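Q:
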């Protein structure tokens, strides 16, 4: 018989913790929440102060029975769910189900699953924090009131299976508004003039037209370009000015949940859901052979960049011993705290900096290793010295025409020796070196090239960009971003096109209806204010019932109006322009979970469906009758195959093009590289210059 029972959420976490606590402790898993609101009904009594009706979750009966049996045998029970609102609520539900006094010292929290952190946390148990529980309960009740009132209305007026939620509705609206901006965007013409210069020592460098008489000029038309070129009567130029500066570049802070999701998307091509799944595995514990199961990172749902003094000291020691004293920053550096950050616990970091990625690589899956390496490098870099760059700006003139060339060299790499943050909008900046130049030097133009450009519309949202926008608007919290992005795709409100969100017709219809009848639900500022109110509940500043009551009073009126006035909308199937090859009826386009597909209009008598394929105008190189079409795999990855499949099994991940290799007459394909798209032969070594 064990003296103490510890209850956590997952078996992996239980296994890791039990190893640290010793024989007197038995650690069991609740497998997440034990109780929740019923799925079959609202479960909230709006007449009795929004009293929630909790029931044991279906399928959790045997788990609860096992926990009750273990609880009867234990002298003391500790509830050690995750250190956030959801974890506090899980502990509270367990306490109610197991008759544990919530005011007793039954709650244990820790930010990392390491031996020292676990043992220290059990020295300081505390009561369950009811303010934190109330904040979670308020969110749950609020979302239930919105979802279980608006969703049935949408089923009745539009289509079965739809849903509406506070955060997801705002996310869909952002995507729709961005699409509208793109459609309404009017491109504006502009020009650049690039020049390749040569020094007397035959060293080349590039410059760009800056202006006239020292004043910057924007070139808007070809005629303006020609008037500049006419002024350049010869190819000799002179250096008018050389400006040298020293610039410091500071490292990014350690990861919070949103920045981890963004950087994992940029650098590792991970979806937010995948990032959080892998981070959970690293947090709960990995079997490191002789060392046993160890939690490799701190808790991954956080909005604080704070790092403990112990972790700082350890990281400083690592930096000093591996890179030198000049690479480590002083310990006094403080992290800046964002205005809406809860700062409940630390940034996401390795539990030990000395456990570098290569030392654990053999125990991790490829993706676990890549994410751990990203987190480890980010922490180490965040505590390293700034990089120092020498920047040079050179003005080159002929008459009153001014070209400017800029370049920089790394004088001291600092944190860049370990890590440089990615960028949504452009490639990571490449340092450009200029040859030694001084005022009065003569240079020659080898080539002067004018180029026409057009301004581009704002880009569609990637997952990373949408998470960043939601965070900047104060909508949602670390735990909500990944499930929100997952939900709006599962409901068919948005789809991913080349890793960017595009709204579907269904998404636009639902958004328009909610905007008309429930404008506050889809209002970013209103949703952000509700998040602030939830924070205030957690801090004990306001009562949760008063916040819900203030919302519901107006919401109920809007609900009655919508029931009476919302028109039924029929989403008509669009003809696909071909007949069913099984029964002869017309094929139509339908909207499914994974986007549009073709289906027979004679459904349910005929259940024939087809994927929508896109012809690319290239005959199949393998068979005589087929043509190459663009398809999508189950994981939505684009590939190219023959339209005569399965008779012909030709397949290519690279896009074939409509001309043959000049060297061997084989198929040419477009290969995507970091520096652009390169045309290559599939058989021989023929390659063309990459095109951006």
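Residue numbers (the numbering used here): -18 to 673. Ideal Cβ placement from N, Cα and C applies to all residues, glycine included. It should be emphasised that the depicted structure is a prediction, and the values quoted were computed from it without experimental measurement.
Taking 8 angstroms as the threshold (C-beta atoms), are residue 243 and residue 448 in contact?
A: Within the chain shown, the letter at position 467 stands for residue 448. Within the chain shown, the letter at position 262 stands for residue 243. It is a contact, given that the beta carbons lie within the stated cut-off.
Q: Do you know whose CA, among 302, 294, 304 and 326, lies nearest residue 311's CA?
A: As a position in the chain shown, residue 311 is number 330, starting the count at 1. Nearest C-alpha to residue 311: 294.
Q: Please name the residue in 252, 365 and 352 whose C-alpha comes closest to that of residue 306.
A: Residue 306 sits at position 325 when you count from the first residue of the chain shown. Among 252, 365 and 352, the Cα nearest to that of residue 306 is on 365.
Q: Leaving out five residues on either side along the sequence, give the residues of the same chain with a beta carbon under 8 angstroms from the beta carbon of residue 273.
A: Stepping through the chain shown from its first residue, residue 273 is reached at position 292. Same-chain partners within the cutoff: 0.
Q: Output yes or no for whether 8 angstroms exceeds the beta carbon distance between residue 389 and residue 373.
A: Position 408 of the chain shown holds residue 389. Position 392 of the chain shown holds residue 373. Yes.
Q: Unbroken beta strand (DSSP E) runs of length 3 or more, entirely within the region 566 to 652: which are they?
A: Within the region 566 to 652, the complete beta strand (DSSP E) runs of at least 3 residues are 567 to 573, 576 to 581, 595 to 600, 608 to 613, 619 to 623 and 636 to 641.
Q: For residue 320 and residue 454, what's the separation of their Cα atoms in angstroms?
A: Your numbering for residue 320 matches position 339 in the chain shown. Your numbering for residue 454 matches position 473 in the chain shown. Because the pLDDT at residue 320 is just 45, under 50, the model does not fix this residue reliably, and the value given afterwards should be weighed accordingly. Straight-line Cα distance between these residues: approximately 12 angstroms.
Q: In the structure shown, what three-state DSSP assignment does residue 473 receive?
A: Working through the chain shown from its first residue, we reach residue 473 at position 492. Of the three classes helix, strand and coil, the one that applies to residue 473 here is coil, per DSSP.
Q: Enumerate in chain order the residues of its own chain whose CB-to-CB distance from residue 326 is below 7 angstroms, with the five nearest sequence positions on each side excluded.
A: Numbered from 1 along the chain shown, position 345 holds the residue referred to as residue 326. Around residue 326: 64, 92, 280, 283 and 285.
Q: Does the distance from the C-beta atom of residue 598 to that of residue 639 stay below 8 angstroms?
A: Here residue 598 corresponds to residue number 617 of the chain shown, with the count starting at 1. Here residue 639 corresponds to residue number 658 of the chain shown, with the count starting at 1. Contact flag set, yes.
Q: Considering residue 217, what are the terminal residues of the beta strand (DSSP E) in which it resides?
A: Taking the chain shown and counting its residues from 1, one reaches residue 217 at position 236. Here the beta strand (DSSP E) through residue 217 covers 217 to 230.
Q: Residue 658 to residue 671, Cα distance in whole Å?
A: Against the chain shown, residue 658 aligns to sequence position 677. Against the chain shown, residue 671 aligns to sequence position 690. Going from the Cα of residue 658 to the Cα of residue 671 covers about 5 angstroms.
Q: Assuming residue 261 contacts residue 465 (C-beta within less than 8 angstroms), just tell me the rounded distance between them.
A: Locating residue 261 in the chain shown gives position 280, counting from the first residue. Locating residue 465 in the chain shown gives position 484, counting from the first residue. No, residue 261 and residue 465 are not in contact; Cβ-Cβ is about 17 angstroms, not under 8 angstroms.
Q: Would the beta-carbon of residue 377 fall within 8 angstroms of that of residue 178?
A: What you label residue 377 is simply residue 396 of the chain shown in a count that begins at 1. What you label residue 178 is simply residue 197 of the chain shown in a count that begins at 1. Closer than 8 angstroms, so yes.
Q: Please classify residue 414 as buried or exposed, where buried requires at least 16 neighbouring CB atoms within 10 angstroms.
A: For the purposes of this step, residue 414 is taken as residue 433 along the chain shown, with counting starting at 1. Label assigned to residue 414: exposed.
Q: With 16 other CB atoms within 10 Å as the buried threshold, where does residue 41 fall?
A: Counting from one through the chain shown, the residue named residue 41 turns up at place 60. When all chains shown are included, residue 41 counts as buried.
Q: Does residue 534 pass the burial test, meaning 16 or more other C-beta atoms within 10 Å, or should it be called exposed?
A: On the chain shown, residue 534 is found 553 positions in, with the first residue counted as 1. Result: exposed.
Q: Measure how close the beta-carbons of residue 61 and residue 89 come, nearest whole angstrom, since I'm counting them as under 8 angstroms.
A: Counting from one through the chain shown, the residue named residue 61 turns up at place 80. Counting from one through the chain shown, the residue named residue 89 turns up at place 108. About 5 angstroms; that satisfies the 8 angstroms criterion.
Q: Report yes or no: do the region 422 to 430 and the region 176 to 191 share at least 3 C-beta pairs separated by less than 8 angstroms?
A: Yes, since at least three Cβ pairs between the region 422 to 430 and the region 176 to 191 fall closer than 8 angstroms, the two stretches touch.
Q: In whole angstroms, give me the CA-to-CA distance for residue 127 and residue 469.
A: Start at 1 with the first residue of the chain shown, and residue 127 comes out as number 146. Start at 1 with the first residue of the chain shown, and residue 469 comes out as number 488. Distance between the alpha carbons of residue 127 and residue 469: 16 angstroms.
Q: Mind the definition here: the region 102 to 115 touches the region 489 to 506 only if three or more C-beta pairs lie below 8 angstroms; say whether that holds.
A: No contact exists between the region 102 to 115 and the region 489 to 506.
Q: Alpha carbon to alpha carbon, how far is residue 278 from residue 332?
A: Here residue 278 is taken as the residue at index 297 of the chain shown, counted from 1. Here residue 332 is taken as the residue at index 351 of the chain shown, counted from 1. When rounded, the distance between both Cα atoms is 5 angstroms.
Q: Using the beta-carbon count (16 or more within 10 Å), is residue 514 buried or exposed?
A: For this step, residue 514 is matched to residue 533 along the chain shown. When all chains shown are included, residue 514 counts as buried.
Q: Would residue 482 be called buried (16 or more neighbouring beta carbons within 10 Å of its own) or exposed?
A: The sequence position of residue 482 within the chain shown is 501, counting from 1. Result: buried.
Q: Am I right that residue 547 and residue 498 are in contact with their C-beta atoms under 8 angstroms? What's the rounded C-beta distance?
A: Residue numbering aside, residue 547 sits at position 566 when the chain shown is read from its first letter. Residue numbering aside, residue 498 sits at position 517 when the chain shown is read from its first letter. Confirmed, about 6 angstroms.
Q: Beta-carbon within less than 6 angstroms of residue 72's beta-carbon, same chain only, minus the 5 sequence neighbours each way: which residues are those?
A: As a working mapping, residue 72 is identified with position 91 in the chain shown. Hits under 6 angstroms: 60, 62, 88 and 109.
Q: Could you compute how far the alpha carbon of residue -2 sits from the alpha carbon of residue 265?
A: Sequence index remark: in the chain shown, residue -2 carries index 17 (1-based). Sequence index remark: in the chain shown, residue 265 carries index 284 (1-based). Cα to Cα, residue -2 sits roughly 9 angstroms from residue 265.
Q: Within 10 Å of its beta-carbon, does residue 434 have 16 or more other beta-carbons around it, so buried, or fewer, so exposed?
A: Working through the chain shown from its first residue, we reach residue 434 at position 453. Under this definition residue 434 is an exposed residue.
Q: Under the three-state reduction of DSSP, which class applies to residue 540: helix, strand or coil?
A: Start at 1 with the first residue of the chain shown, and residue 540 comes out as number 559. Three-state result, residue 540: helix.
Q: On the DSSP bridge assignment, give the partners of residue 386 in chain order.
A: Here residue 386 refers to the residue found at position 405 when the chain shown is read from its first residue. Residue 386 pairs with 375.
Q: Along the beta strand (DSSP E) that carries residue 485, what are the first and last residues, could you check?
A: On the chain shown, position 504 is the one that residue 485 refers to. Looking at the DSSP string, residue 485 is not in any beta strand (DSSP E), and its letter there is neither H nor E.
Q: Buried or exposed: residue 485, going by 16 or more other Cβ atoms within 10 Å of its Cβ?
A: For the purposes of this step, residue 485 is taken as residue 504 along the chain shown, with counting starting at 1. The residue is buried, with at least 16 neighbouring Cβ atoms inside 10 Å.
Q: Tell me, which residues are paired with residue 193 by DSSP?
A: Locating residue 193 in the chain shown gives position 212, where the first residue counts as 1. Answer by DSSP bridge pairing, in chain order: 196 and 382.
Q: For the beta strand (DSSP E) that contains residue 5, what are its first and last residues?
A: Counting from 1 along the chain shown, the entry for residue 5 is found at position 24. Element bounds for residue 5: n/a, residue is neither H nor E.
Q: In terms of DSSP beta bridges, what is residue 128 paired with?
A: Here residue 128 refers to the residue found at position 147 when the chain shown is read from its first residue. In DSSP, residue 128 forms no bridge with anything.
Q: Classify residue 561 as helix, strand or coil using the three-state DSSP reduction.
A: For the purposes of this step, residue 561 is taken as the residue at position 580 of the chain shown. Three-state result, residue 561: coil.
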